[in-house]
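These notes are about the structure you will find just below.
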Amino acid sequence: MLSIFRGSLARRARRAVGLCAVAGLTSLAAPVMAQPATQQITYLLPAPANLPAFAPLMLAEKKGYYAAEGLSVRWLTVQGGADVGKQLASGNGDLGGGLGDTPIVLRPNGIPIKGVALLGGRTLHQLVVRNDANIKSPADLKGKTITVLSYQDTGFYATLGLLASAGLTRTDARIQGAGPAGVWQQVATGKADAMVGTPEWAQNIEDAGVKVTMTSTDKYFPGMAQAILASDKTIAEKPEMVRKFVRATIKSVAEIMRDPAAAAKEYCATVPGYKGKEAEIEKILTYYARNVYPGQERLGAFDPARVTKLQDFYMQEKIIREKSNLADLFTNQFVQ
């Protein structure tokens, strides 16, 4: 009887050791299996990353929204939105930023990119004029000096649209590609009369002590907000990567819309150089939350009617030489 009992204990001990060994192997393997691979991507910015226009992107990164999607983002600045599109089509980046109308301008030139998300239902670019320049409407821009970020930026094409709305052409005004600093500094110093650019540049001019008037360009023609852009190749080969990036970014836009004051505090704590400027950034982000981001039935989605209207306008004013199919200009498949 004792030998049977001892044999039973021995068998139980052997089974226990075996189970522990398996459990040990499982516990060692589990962490390796549980860690998803991080996907490295490159996002092309049309202007320096520290511009508040890119607050949704910078805050999404700081809060770990991209990391939560398994993405590690490298930010690279190029020479404007049109250049972003060209670089993406050449395979020099995965995603990038421009205006929603960037594909309208580039597609006729054989550059296969499209918008995958639109960050707002209204227009990003503003017409900013010195109050002493006597400019009350686009018609008054004749003979004036207007600064834009660069000739490769979609702000340049927005300026052409602005002039066209008053029956003017590029030769009726002096348009200068002045870079991210000169675009507002030339207006502040009186070297330029007006600027077509982002709300934060208008704030910079006012901070320099110059009174300006800011008007959304969509008062004169149907412009668009910032867009996330991708090449046809990237959309076809990396759809899940695109979806993840769009989802994280839209989440950040929604948070800024809900509470621009809180977003301003987080932004100033995140981006170098803005410490102590919370009030200024709150003013800028509030402008975005009220005047740029609203107006979409679904946050992030393109409105086919608005895209059609803008493309028709560009064609009518000979800013583009041919129209593209709507399906080639944008997709809403990544907006949830």
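Numbering (mature numbering (1 follows the signal peptide of the UniProt record, and there is no 0)), first residue to last: -34 to -1, 1 to 302. The beta-carbon is built from N, C-alpha and C at its ideal position, and this holds for glycine as well. Since the structure is predicted, the reported quantities are computational estimates derived from the model, not experimental observations.
query	result
Please classify F300: does DSSP put it in a helix, a strand, or coil?	coil
Excluding the five sequence neighbours on either side, which residues of its own chain have a C-beta within less than 8 Å of the C-beta of K241, listed in chain order?	C234 and A235
Can A271 and V301 be called in contact, C-beta distance under 8 Å?	no
For S116, count neighbouring C-beta atoms within 10 Å of its own C-beta (all shown protein chains included) and say buried if the count is 16 or more, exposed if not.	buried
Based on the DSSP secondary-structure assignment, which residues constitute the bridge partners of Q142?	T113
Taking the continuous beta strand (DSSP E) assigned at T235, which residues delimit it?	It is Ala, not Thr, that sits at residue 235 in the sequence shown. Where A235 is concerned, there is no enclosing beta strand (DSSP E), although the alpha helix (DSSP H) it sits in stretches over P226 to T236.
Look up T125 in the DSSP assignment and say whether it is helix, strand or coil.	helix
Here's a check: name, in chain order, each residue in its chain whose Cβ is nearer than 7 Å to the Cβ of P226, leaving out the five neighbours to either side.	E248, L251, T252 and A255
For G63 and G47, what's the separation of their Cα atoms in angstroms?	6 Å
For the region 39 to 58 against the region 1 to 17, are there 3 or more C-beta pairs whose distance is under 8 Å?	yes
Buried or exposed: which applies to S56, given that a residue is buried once 16 or more other Cβ atoms fall within 10 Å of its Cβ?	exposed
Here's the rule I'm using: 16 or more other beta-carbon atoms within 10 Å means buried, otherwise exposed. How should V(-13) be labelled?	Caution applies to V(-13), whose pLDDT of 40 falls short of 50 and renders its modelled position unreliable; the value that the coordinates give is listed next. V(-13) should be labelled exposed.
When burial is assigned at 16 or more other CB atoms within 10 Å of the CB, is P146 buried or exposed?	buried
Relative to the C-alpha of G30, which candidate in T4, Q53 and V273 has its C-alpha closest?	T4
Assign R88 to one of two classes, buried (16 or more other C-beta atoms within 10 Å of its C-beta) or exposed (fewer than that).	buried
From what residue to what residue does the alpha helix (DSSP H) around V71 run?	T68 to L72
Along the chain, where does the beta strand (DSSP E) containing A26 start, and where does it finish?	Looking at the DSSP string, A26 is not in any beta strand (DSSP E); the run it does join, the alpha helix (DSSP H), is A21 to K28.
Work out the CA separation of R73 and F187 for me, nearest whole Å.	20 Å
Just to confirm, are V178 and N100 a CB contact at a threshold of 8 Å?	no
Using CA coordinates, which residue listed in G36, Q53, G76 and A33 is at the minimum distance from A196?	Q53
Does the distance from the CB of M190 to the CB of L295 come in under 8 Å?	no
May I ask you to report which of helix, strand or coil DSSP gives V176?	coil
DSSP three-state label for L161, please.	A quick correction: the sequence has Met, not Leu, at residue 161. Correct three-state label for M161: strand.
Would the beta-carbon of I286 fall within 8 Å of that of I70?	yes
Give me, in chain order, the residues of the same chain whose beta-carbon lies closer than 6 Å to that of A174; leave out the 5 immediate sequence neighbours on both sides.	A154
Note down the Cα distance separating I171 from Q151, rounded to an integer number of angstroms.	7 Å
Unbroken alpha helix (DSSP H) runs of length 4 or more, entirely within the region 41 to 98: which are they?	47 to 55 and 68 to 72
Go to L251, then tell me how far its alpha helix (DSSP H) extends in each direction, as first and last residue.	E244 to N257
Give the DSSP-derived three-state secondary structure of I285 in the structure shown.	coil
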